[in-house]
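In this note's numbering, the protein residues as written are 2 to 263.
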């Protein structure tokens with residue numbers, strides 16, 4: 002299990018070529034290419050901002066303004082997570098013929114999906130910065146936590162990608178579960194709401210959702226006051242490690258003959 006993952010850095014050039022191939026395949030049907038990928042969460046954020054601003058008092062109950070910046074800093078990271086969860090169950094079956102003859106570790110194929118999502122998220126960073134600047138907010142010292150948030154989200158996405166890809170070979174119905182899991186993360190993460198509306202005793206338990214801690218680190222770039230005591234983030238990080246370990250076990254250590262099953 003460990004040897005398969007340890008071999009990935011030495012294959013980084015090959016993996017990079019595969020990711021570029023995936024991006025070309027993903028966008029070749031659209032003239033505007035990746036603009037559609039960036040535009041969907043943008044339009045969703047604007048729509049939610051309009052609804053909450055004019056119907057639900059502008060999100061003032063959240064306590065973090067401007068509300069449009071609060072939405073943008075939640076929706077774009079969520080897009081990376083949701084795309085990983087939705088695409089991962091098909092990763093082995095999609096490349097089944099290649100997987101059977103490839104010397105690359107099986108984890109390479111779920112990793113490709115995570116890297117494509119990360120590339121799309123990196124392209125969205127200028128949009129996030131534009132909303133921060135022109136929305137009346139400003140960057141703070143918490144910006145140093147932005148790369149940390151990206152690293153934690155990468156590990157979280159990789160764990161889900163590995164686990165779902167391996168599980169889908171046993172139970173293809175996992176694709177239905179992935180859509181449910183996506184919705185659970187959307188409503189169960191502080192994308193539209195803030196933890197300030199929860200009682201104090203409940204707040205630490207919110208970090209059982211590992212994406213909660215990740216979003217705090219992203220938003221600390223604008224609102225460092227969102228940061229909570231470190232045990233909360235230790236809990237989120239622990240859950241991320243559990244998900245990653247479960248994914249590695251599912252692909253490399255569960256006695257699953259991937260090349261035979263695909």
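We put the CB at the ideal spot given by N, CA and C, even for glycine.
- Scanning its chain for C-beta atoms nearer than 6 Å, with the 5 sequence neighbours on each side dropped, one finds around residue 42 the residues 76, 77 and 80, in chain order.
- Our two residues, residue 169 and residue 236, have alpha carbons roughly 28 Å apart in a direct line.
- Between residue 70 and residue 138, the gap from beta carbon to beta carbon is short of 8 Å.
- When C-alpha distances from residue 118 are compared across 249, 151 and 94, the shortest belongs to 151.
- Comparing alpha carbon positions, the residue from 47, 209 and 20 closest to residue 157 is 209.
- CA-to-CA, the gap between residue 51 and residue 72 works out to about 11 Å.
- Residue burial is scored here from C-beta neighbours: residue 164 has at least 16 other C-beta atoms within 10 angstroms and is therefore classed as buried.
- Counting only the Cα atoms, residue 87 lies some 7 Å from residue 176.
- The Cβ atoms of residue 241 and residue 162 do not sit closer than 8 Å to each other.
- Spanning the alpha carbons of residue 89 and residue 166 requires a straight line of approximately 5 Å.
- Shown here, residue 192 sits in coil according to DSSP, grouped into three states, outside any helix or strand.
- Considering only 160, 181, 184 and 143, the residue with the shortest C-alpha distance to residue 229 is 143.
- The Cβ atoms of residue 214 and residue 233 sit closer than 8 Å to each other.
- At a cut-off of 4 residues, the continuous stretches assigned as alpha helix (DSSP H) that sit fully inside the region 198-250 are 211-220 and 231-249.
- In the DSSP assignment, residue 162 falls within the unbroken alpha helix (DSSP H) covering 147-171.
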